[in-house]
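Trainee: Residue numbers (our numbering): 4 to 141.
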Amino acid sequence: MTFADGRGAVDEPAEGCVFVGSVGDGPSFVSTMLEHRPELGLVDVRMPPSHTDEGLRAAVDVRRAWPEARLLVLSQYVEVSYADDLLADGRGGVGYLLKDRVAEVSQFLDALRQVATGGTALDPEVVAQLLVRRRRND
């Protein structure tokens, strides 16, 4: 699996993974994804310069420019509006996981593989908050 890391944190990828780039901000993540077209993009919600939601906005931008892009977003919190945007097209190949739930390396690698093969990997808290939002909107 080839992947780009928007977290700037991968030293050595897992066996079977080919690392194509590591970036430190949202615009660089978008350009790396669109230039290299890896099998998977891994991005943290919080990226420089403001460390708020640049990574999630970058993931949404990648999906808009390249709808087949497969993306796994990691966060310490759920940003419902962007998660909804990321999942809106129903294509699959997307994941949104909370960092505290992916402490097990094997679970994290399973999520990477699931998203890279077109599946969806959602943290239960993401699902719960999306459902609450939809109920409020109905």
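By construction, the Cβ of each residue, glycine as well, lies at the ideal position given by its N, Cα and C atoms.
Report the partner residues of Y80 according to the DSSP bridge assignment.
Mentor: DSSP output for Y80 lists no bridge partner at all.
Trainee: Tell me the residue span of the beta strand (DSSP E) that contains D47.
Mentor: Residues 43–47.
Trainee: Alpha carbon to alpha carbon, how far is V132 from L37?
Mentor: It is Gln, not Val, that sits at residue 132 in the sequence shown. Taking the straight line from one Cα to the other gives about 30 Å.
Trainee: Report yes if the C-beta distance between A62 and Y85 is below 9 Å; otherwise report no.
Mentor: Yes, the pair counts as a contact, with Cβ atoms nearer than the cut-off.
Trainee: Do you know offhand how far V21's Cα is from R139's?
Mentor: Cα to Cα, V21 sits roughly 43 Å from R139.
Trainee: Once you ignore the five residues that flank D126 on each side, which residues in its own chain have a CB closer than 7 Å to its CB?
Mentor: Here the set comprises Y99, L100, L101, R104.
Trainee: Between the C-alpha atoms of R136 and V83, what's the straight-line distance to the nearest angstrom?
Mentor: Each residue's Cα considered, the two are about 8 Å apart.
Trainee: So the alpha helix (DSSP H) V105 belongs to, where does it begin and stop?
Mentor: Unbroken run through V105: none, as it is neither H nor E.
Trainee: Got a sec? Which residues, its chain only, sit under 6 Å from D88 by beta carbon, not counting five neighbours each side?
Mentor: If we look at D88 and ignore the five residues flanking it on each side, its Cβ neighbours are V63.
Trainee: In terms of alpha-carbon separation, which member of E128, P51, V76, G29 lies closest to L43?
Mentor: Cα-wise, what sits closest to L43 is V76.
Trainee: Tell me whether S34 sits in a helix, a strand or coil according to DSSP, three-state version.
Mentor: Three-state DSSP puts S34 in a helix.
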